[in-house]
Structures are given as C-alpha cells and as structure tokens.
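Going from the sequence shown to this note's numbering is simple: count from 1 and add 270. Everything below concerns the one structure shown next.
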Amino acid sequence: MEFLETLKNLTMTQWSFYIVSLLTLLGGIGTVVSKNPMHSVIYLILTFFSLSSIYILLNAQFVAAVNIIVYAGAIMVLFLFVVMFLNLRGESNELDRNVVMIGASVIAGVIGFLLIVTIRNTEIAKLNPYTFNAKAGLIENLGKVMYSKYVLPFELVSVLFLVAMAGAVMLGKREKGERNF
C-alpha cells in the first residue's frame with residue numbers, strides 16, 4: 271500500500287524520470303538481446319537519447335548535448351558503418367548460444383537482485399526546491415570550474431588530443447606512389 275501512495279504523490283518530473291529510465295533500460299536490453307546487429311545499433315541510439323533526456327531532467331544540459339552530438343551522432347554513425355561493412359551474420363552453434371544465454375541470464379538475475387536489495391535499503395533524500403541550486407548544471411558554471419580549479423587537467427587533455435590527431439595524420443599519411451588498397 272505504501273508503494274501505491276508513493277506513486278500517487280509523484281510529480282510530473284519524477285514520472286518523466288521513471289518513464290525515460292524505463293526507456294533507457296529497454297534500449298539497453300534490446301541492444302544486448304537483439305540478434306540483428308543493425309537493430310542493436312538502433313537500440314543503442316535509443317539508449318543514448320533517453321540518457322540525454324535523463325541529463326536534461328537533472329539540469330545538465332551541456333552533458334545532454336555532448337551525449338547526443340558525440341555518442342548518438344558520431345560514434346553511432348561509426349558503429350553503423352562498421353556493422354554495414356562487416357558481415358556479422360556468422361554461423362554459430364545453437365549449444366554455444368544457449369550456454370551464453372543461460373550464463374547471461376544468471377548474471378543479469380544476480381545483478382538485478384543486488385540492485386533491488388540496494389534500492390530497498392537506501393534512504394532517498396528529499397530535495398527542497400527552495401534550497402536547490404538551479405544553476406548547478408549550466409555551461410557557465412562548468413566553464414568557470416573547468417578554467418579555474420581544473421585548468422591543468424583540461425590543458426593536459428587538449429595536449430593528449432593534439433598528439434592523437436598528429437598520430438592519426440602520421441598513420442594515415444601515404445608515401446608518394448604507394449597504394450594501400
């Protein structure tokens with residue numbers, strides 16, 4: 271009965287969070303369970319978009335935008351091309367597939383049980399909307415923290431990206447007259 275009372279008292283934001291979380295879980299399960307690699311990629315895109323929706327509900331718009339642009343955009347296009355160019359419909363033994371499915375089901379059951387036990391034993395804090403910092407996830411505050419407190423790691427990451435780009439150019443550079451195909 272307490273569960274039904276809790277459901278009656280949920281706000282629209284909480285309902286949205288639970289619905290989008292369910293979509294995220296279903297997309298993740300569809301990614302893992304789907305036999306067709308193309309369908310797995312589509313489910314993964316659904317998972318990324320629903321994760322971005324959760325970020326928006328948590329007032330982290332920048333993280334949501336980066337998630338959509340980087341993951342749902344660039345990486346998913348890369349995955350899609352890899353799946354289309356490689357013929358991943360190899361023959362597999364039915365016995366091997368059943369053993370893998372049984373093992374995965376047992377592991378998923380154990381993880382689900384641990385998740386339920388953890389959630390039931392965790393006290394959920396109530397947020398006061400009057401004391402909540404609404405500017406916590408904004409890009410302006412992220413920039414201030416990134417360029418003041420974390421300036422050294424930020425600059426080291428930029429140097430790392432520069433080295434990675436130079437390495438990619440050097441690996442992709444062809445000598446005159448050389449054919450790589």
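We treat Cβ as the ideally placed atom computed from N, Cα and C, and that holds for glycine. Note that the coordinates shown come from a computational prediction; the quantities given were computed from them, not determined experimentally.
Exposed or buried, which one is residue i when buried takes at least 16 other CB atoms within 10 Å?
| i | result |
| --- | --- |
| S418 | exposed |
| V290 | buried |
| N337 | buried |
| A330 | buried |
| T317 | buried |
| I372 | exposed |
Could you check which residue in the options has the C-alpha nearest to that of residue i?
| i | options | result |
| --- | --- | --- |
| V311 | L432, G297, S323, L321 | G297 |
| I315 | K305, I345, N306 | I345 |
So what does DSSP say about residue i, is it helix, strand or coil?
| i | result |
| --- | --- |
| I394 | coil |
| L327 | helix |
| K305 | coil |
| L280 | coil |
| K414 | helix |
| L314 | helix |
| L408 | coil |
| L356 | coil |
| Y420 | coil |
Look at the Cβ atom of residue i, then the Cβ atom of residue j, and state whether they are nearer than 9 Å.
| i | j | result |
| --- | --- | --- |
| F319 | A342 | yes |
| A374 | V302 | yes |
| S286 | L350 | no |
| V347 | M308 | no |
| G300 | Y288 | no |
| I409 | F332 | yes |
| F424 | M416 | yes |
**Asked** Using 8 Å as the Cβ pair cut-off and three pairs as the minimum, do the region 322-329 and the region 277-296 touch?
**Response** yes
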